[in-house]
Structure formats: structure tokens, C-alpha cells
Amino acid sequence: MSIPVLALVALLPILVALILMVGMRWPSTKAMPLAWLVCAMGAFFVWKLPVSYIAALSLQGIVVAIGVLIIVFGAILILYTLKQSGGMETIQYGMQNISRDRRIQAIIIGYMFAAFIEGAAGFGTPAALAAPLLLALGFPPLAAAVVCLVFNSFPVTFGAVGTPVLVGFKSLTPLVDTAVASGAAGINFTNFESFAKIIGLWATVMHGPMAIIMPIFMLGFLTRFYGQNKSWSEGFAAWKFCVFSAVAFLIPYLLCAWILGPEFPAMIGGLIGLGIIVAGAKKGFCVPKDIWDFGPQKTWPAEWTGSITTAEATEFKPHMSQFMAWLPYVLIGGVLVLTRIPQLGLKGWLTAQKIPFTNILGFSNVSASIDYLYLPGTPFILISLLTILLHKMNGKAVSAAWTESIAKMKAPTIALFAAVALVSIFRGSGVADAVLNPNNYPSMPLAMATAVAAMAGNAWPLLASFVGGLGAFITGSNTVSDMLFGEFQWGVAEHLNMPRQIIVAAQAAGGAMGNMVCIHNIVAACAVTGLVGAEGMILKRTFWPFLLYGVVVGIIASLMCFVFLPHLF
637 MSIPVLALVA
647 LLPILVALIL
657 MVGMRWPSTK
667 AMPLAWLVCA
677 MGAFFVWKLP
687 VSYIAALSLQ
697 GIVVAIGVLI
707 IVFGAILILY
717 TLKQSGGMET
727 IQYGMQNISR
737 DRRIQAIIIG
747 YMFAAFIEGA
757 AGFGTPAALA
767 APLLLALGFP
777 PLAAAVVCLV
787 FNSFPVTFGA
797 VGTPVLVGFK
807 SLTPLVDTAV
817 ASGAAGINFT
827 NFESFAKIIG
837 LWATVMHGPM
847 AIIMPIFMLG
857 FLTRFYGQNK
867 SWSEGFAAWK
877 FCVFSAVAFL
887 IPYLLCAWIL
897 GPEFPAMIGG
907 LIGLGIIVAG
917 AKKGFCVPKD
927 IWDFGPQKTW
937 PAEWTGSITT
947 AEATEFKPHM
957 SQFMAWLPYV
967 LIGGVLVLTR
977 IPQLGLKGWL
987 TAQKIPFTNI
997 LGFSNVSASI
1007 DYLYLPGTPF
1017 ILISLLTILL
1027 HKMNGKAVSA
1037 AWTESIAKMK
1047 APTIALFAAV
1057 ALVSIFRGSG
1067 VADAVLNPNN
1077 YPSMPLAMAT
1087 AVAAMAGNAW
1097 PLLASFVGGL
1107 GAFITGSNTV
1117 SDMLFGEFQW
1127 GVAEHLNMPR
1137 QIIVAAQAAG
1147 GAMGNMVCIH
1157 NIVAACAVTG
1167 LVGAEGMILK
1177 RTFWPFLLYG
1187 VVVGIIASLM
1197 CFVFLPHLF
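Mapping of the sequence shown onto my numbering: position 503 corresponds to residue 1139, and the numbering continues sequentially without gaps.
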């Protein structure tokens, strides 16, 4: 069977997920299991893989998904623990008393606070937290949702302590090892860990310009479409504060990526940047002299509001000191730093503690493990337990936090099990075994990569990030997008003789920018702002920033591939 036909068969599960979730608006809990079934059928009828081998690969995917779910649960648990203890409302109270200028509030909360939350928790929590806070401060619900969705982009590559890079691209380890052993030109990494660090480094370079451009663009967008004067210039007038904020975020963001690795750029960049710009805003540094606000609510079009009106928004109250409210996140950051620096000795011991799953269903090439102590979810859970004591929570509040967290896990569990099992079949379909793969077909991602490489040629760096964005759009996750398309992107780069690390970094950046058009995130933002049913309208607003982001990342990736990197190797 020809490569183009194999590529079409491999593409079918992705098309099924896209049609069901976007065209027919199915939830991922129903669409992803069906997409897995289509993938399994393609593996059986076209690749001729044995049913038992397909089952083993699916189980391998479930084991990997459990590791991701531990991270998700930990992130959700700390969030709901703080919600029940009053810590989150205290943080929100502190946020609302910094400036009355809506432009400044949008940057502090939608950009910087959300960046920190993304780095610490990820998985859609920034928009769910920041949008209601903007709503409570007096933003039209539609404006609050759009601003938070668009800003939840450049931190996402490093969300949930680097999960999209470290977990999303983990399946590339054999390819990385093979490339290192080959001694090919342009291979400036020695193992997966160094490869992941380089991916993070180049991804920050791709995100960097948009971390400056997007705040200015979005403030102009805010004043143009939601201001009384319908003026871009009123938003652009706050450009100095936007640049100040971007620099405050980017310096620690870049340093963390280049020195420490992909775990901390968003979390540390957001935390340090937040402290700097809050102090600056209080002193009026780079803040416009005039205070900009939305017009009277009675003049707002009906489409701006939903079932939760700004007038009815909660007035936040402090329940403890700001220090005590932020302490759990500070402790999480401290624990993660201590356990991620190899020189301290903890990292080696923690990574050695695994729950292994080898020779799944008797197949020696199918195995997985759960690094139960090293996963970021573990310190999240431990600090959540410590927070019960720190915030003096009663049994009712603790029970509510755990009940809510467990209830929130149902949908992501079903969707992730199916999605990661699909990815596992994708990867395992090209096994070099005459019995398991009698036709010696390439893996599904490699078949797609070969076909795409033939069509795209040297234009691929311009397009690579949009594939990552498509993955996030379909799956609702940068991590799963990287799992789904990581090997595909590597294969395209290999076929076109391009730097693999640049194309994979473009995938990482694309998966992040895809969060602004991701159906799951849009639905979540609509739910917390009372805009259920307005998803299509929001998607129309976020599509243009998404397109701008992809064009900029594509240009940077192209320059790296054809201008800068050739002189480095």
C-alpha cells in the first residue's frame, strides 16, 4: 500500500475527533473513544497488527495517561483546597485592589496571574480562575473570556511544571537516542533530558515576540470592541505598561528555560513578573495617566453578557494574609525546584522510584512506568494536605475540596485514557517485527510525516506550529497534542533534513497557542462567565489572535532553520 494511502488511514482518527467535537459538538468523553476505535481498526485492517498487540499498546497508553492524571488531580486538588480554605478568594481580593484601569487589570490578571496559574496547575485552570475575577471587577463577560483565553498561550508550553514538554514528548526518547548514536550533524543534545531542555529553550524564543506583541494587540482589541469610543489607540496607549510587564515576565521565563529546564519558566516567570508589575502599578510606573473603563452596563450589547452579570459578581473578601494565601504555591515551587536540580541529589532517587509495567500482555517491546514520586502531582497532593493545617480548614471544607476534585476527574480520565491509548497505537504501529507488522509499514505518524514532507517541502517551518494548534484544538491539551504529533513533527524534520529540535519546538509552541481556540477551554471559560451557548462567537474572536501567533512563530521557526542555526552547526 502506498505511503499517501497509509497517511490517509492514519489521519482518519484525527478527522473523526475533529468532526465529532467541532462539527457535531460531541464532548471529548464520547469523541475520543470513538477516535481510538477508528485508530484500532486502521491498525488491524491496514497495518495487520494482531488484536492482542493493539490491546497491549492501548494498555500502555492507559498507564501513561495515569501519570498525566496524577498531575491533573494534584493541580485540581490544590486549586479546590485553596477555594474551600478561603485562600483563593484572598488572592483574588488582593488582585482587585491594585488599579482601577481596566487595561492594567487585564494585564495583571489575564496575563501575569494566569501565567503563574498555568505554570503551577495548567489544564485549563487559568481561564477558569482569571475570567471570573475580571468579571467581578466589572469586565463584560465576553471580554473577560476572550482576554483570558488569548493570554493563556505563551505560558502553556511549560504548564503544570513542564508537563507538555516532559510528558508530551517522552515518547520521542527512542528517536532521540538513535539520533544521538548516529552522530548526525545538528544533534546538539545527548539524551531526552537535554533534548527537552533545548525544546524549552527554542520554544521560549518562539513565544518571546508574542509575549510582547499580544498584550499590546489585546488591549487595542479590548478598547476597540468593548470601549465606548471603539478605538484601538486607547488600548495601545498602555503600550509602555505592556512592554514593562512583558520584560518582567520574559527575563525569568527565559532564564528558567535556558538554565533550569522546562519545569519552571511559566510558574517562576509569572510569579516574579506578577510581583514586579503589581509593585509598579501601585507606584504608577508606566501606567497611563488617564483611567480607562467600559461604558455603562446599560449600553452593553446583549451578546456581551450571559447568565452571570457583572453587577451580580461576587465582592471578594480576605480570609487570611496574602502571604498565607500564597504560601501553598510558594511551597510547591520550592519543593519542585529542590527535586528538579540534579546536583542536590533528590532527583536521581525520586526518578528511580517507579511502578513498572513491562512486557504488557507478553510483548517485550511494550512497557511503561509511573514515576509516582517524581510526578508534579505528588507535591501538589502533599502540599494540599499541608494546606489543611496551614489554613486551619475544618472537616467540611476538606471534604468539599476532595469531593469536587474527584468529581472533576471523570471527564479528563475518560478522554485521556482514549486519547493516549490512540497515541500509543500510533507510535507502536511501525514496530520492526515480521509477525507484528508483516508488511513492514512505517508507523502511522511516520506515514503522515512522509506524505506531508513531500507536499510541504521547505515551507514546513511556517506550518509546523499550526499542527500543534490543531492538536490542542482537537484534544483540549497541549500535552496530548505533543503526544499525538511529536513523532510526526520529528519525522517531517528528518525527511526534510531540518533541525528536529526546531520543528518539535514549533510543535510545542503551536500546542500552546492552540489553547486560545481549544474547544474545551472555550467551553470552560463560557461556563464560569455565564456565556454557555456563546462558544462560536468566542471562537470567532480568538481565531485571529491564533492566526497572528502562528504566523509569527512560523517566521521565527523558518529563520532558525534556514538563517541562524546553519551557522551554529
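Yeah, the Cβ is synthetic: ideal placement off N, Cα and C, and Gly gets one too.
Just so it is clear, the structure is predicted and the values come from calculations on it, not from any experiment.
Query                                                                                                                 : Result
Residue span of the beta strand (DSSP E) that contains P992, given as start and end                                   : 991 to 993
Distance CB(I702)-CB(I1006) smaller than 7 angstroms                                                                  : yes
Per DSSP, the bridge partner or partners of I1006                                                                     : I991
Whether F794 touches P888 by CB criterion (7 angstroms)                                                               : no
Residue span of the alpha helix (DSSP H) that contains K833, given as start and end                                   : 828 to 862
Proximity below 7 angstroms, CB of F1062 to CB of P1081                                                               : yes
Cβ neighbour criterion (16 or more within 10 Å) applied to P1048                                                      : buried
At least three beta-carbon pairs within less than 8 angstroms, the region 844 to 854 to the region 799 to 812         : no
Proximity to V1002 [Cα-Cα], best of L890, L1009, F993                                                                 : F993
Continuous alpha helix (DSSP H) stretch holding P1181: start and end                                                  : 1171 to 1195
P1135 in three-state terms, based on DSSP                                                                             : coil
7 angstroms Cβ shell around C892 - same chain, five flanking residues per side excluded                               : F900, P901, I904, G905
Cβ-based neighbour list, M956, same chain, cut-off 7 angstroms, excluding 5 preceding and 5 following                 : G722, G723, T726, H1027
Residue environment, K918, which counts as buried when at least 16 other CB atoms sit within 10 Å                     : exposed
Run of the alpha helix (DSSP H) containing A882, from where it starts to where it stops                               : 875 to 891
Proximity below 7 angstroms, CB of T1115 to CB of V1153                                                               : no
For I996 and A1070, the rounded distance between their alpha carbons                                                  : 19 angstroms
Beta-carbon proximity list for A884, same chain, < 6 angstroms, skipping 5 on both sides                              : G909, I912, I913
Span separating the alpha-carbon of T840 from that of P791                                                            : 9 angstroms
Interface flag, I849 vs chain B, CB-CB below 7 angstroms                                                              : Although the question refers to chain B, the structure presented lacks it and comprises just one protein chain.
The region 1029 to 1037 in contact with the region 677 to 692 per 3-pair CB rule at 8 angstroms                       : no
L673 - containing alpha helix (DSSP H), residue span                                                                  : 664 to 681
Alpha helix (DSSP H) segment containing E1040, residue limits                                                         : 1031 to 1044
Local conformation of V973 per DSSP, three classes                                                                    : helix
Inter-stretch contact (C-beta, 8 angstroms, three-pair minimum) for the region 832 to 839 and the region 862 to 880   : no
Candidates S830, Q1143, Q864, of which the one nearest K934 by Cα                                                     : Q864
Cβ neighbour criterion (16 or more within 10 Å) applied to E939                                                       : exposed
At least 3 beta-carbon pairs within less than 8 angstroms: the region 769 to 784 vs the region 823 to 833             : no
DSSP three-state assignment for W936, whether helix, strand or coil                                                   : coil
Segment contact, 8 angstroms Cβ cut-off, at least three pairs: the region 689 to 703 with the region 1050 to 1066     : yes
Inside the region 1053 to 1138 only - alpha helix (DSSP H) runs reaching at least 4 residues                          : 1080 to 1092, 1096 to 1111, 1114 to 1131
Other residues of its chain near E948: CB distance less than 7 angstroms, five sequence neighbours each side excluded : Only weak support is given to the placement of E948: the predicted model assigns it a pLDDT of 48, under 50, and the question is left unresolved by the model.
Local conformation of E948 per DSSP, three classes                                                                    : With a pLDDT of only 48 at E948, under 50, the local geometry of the prediction cannot be trusted, and the value read off the model is given with reservation. It is helical.
Under 7 angstroms between C-beta atoms of H843 and A1141                                                              : no
Extent of the continuous alpha helix (DSSP H) run through G755                                                        : 750 to 756
Straight-line Cα distance separating A1089 from S1101                                                                 : 15 angstroms
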